[in-house]
Each structure stands twice: as structure tokens, then as C-alpha cells.
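Below is one structure, written out as C-alpha cells; comments come after it.
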Amino acid sequence: MAGDLAHEAHESTRFYWMVGAVLAAVTIVEVAITFLPLPHELIVAVLMVLMVVKGAGVVMYFMHLKGDARILQAVFVVPFLLATVMILLFLLLFSQHVGIAG
180 MAGDLAHEAH ESTRFYWMVG AVLAAVTIVE VAITFLPLPH ELIVAVLMVL MVVKGAGVVM
240 YFMHLKGDAR ILQAVFVVPF LLATVMILLF LLLFSQHVGI AG
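The following block contains the structure:
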């Protein structure tokens, strides 16, 4: 019985290391994308999508929200999505702004 618990804890630790490795890989992809000769708007859009993926991974697995009630998930996910939409709208609004002196 105690061996089963130790084995179960080992799998849990291994799982979190795998999630951390996936998050690190996504971070490497984010950094690499900034060096590609792509339009600025496309880079920002891809980085925003990857940001949402990483944020969801952290919230669901490291904050243990995956198994919680739907209302608790909504408490975290809805403000996260609203903030993301607000950031995208500000980027769109000021995408052609060159500054005061411009």
C-alpha cells in the first residue's frame, strides 16, 4: 500500500516535470519567433496565442484548477480572456500611432 502511494507520487512529480518541459519548449518557440523575418502583426498574434496556451497550462496544472468546479474555472479564465482581448484591442488601436513628434 505504501509502495503504491510512493509510486503514485512519483508519477505525479514526473507529470509536473513534463508540463514544465512543455512550457519551457513553448517559451523557446516564443523567443525563436521574434527572430523570424515575419510581419510585426503576425509575430504579435502568434505570441499572444502562445501566451494564452502557457497561461492556461499554468492555471490548469500548477494551480490545480483542472479538477475544480466550473464556477471556479470561470473565475480565473474569464478575466484572463478579457485581459487578452483588451490587450489585443489596444494593440490594434495604436498599431499606426507614431508618437507625439511623428
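Taken in order, the sequence shown gives residues 180 to 281; the numbers are from our numbering. Each residue gets a CB set at the ideal place from its N, CA and C atoms; glycine is no exception.
The criterion of a C-beta distance shorter than 7 Å is satisfied by V238 and L244. Nearest Cα to V264 within the set V254, V228 and V277: V228.
The beta-carbon distance between L221 and E209, rounded to whole angstroms, is 14 Å. This is too long to meet the 8 Å contact definition. Apart from sequence neighbours up to five positions away, the residues of its chain that approach S274 with a beta-carbon distance below 8 Å are E220, ordered along the chain. Judged by DSSP secondary structure, F255 falls within the alpha helix (DSSP H) whose first and last residues are R249 to L272. Listed in chain order, the non-local C-beta contacts of V205 below 7 Å within the same chain comprise L229, V232 and K233, local neighbours out to five positions each way being set aside. The C-alpha of H276 lies about 10 Å from the C-alpha of L270. Residue state for I279 is assigned as coil, using DSSP reduced to three classes.
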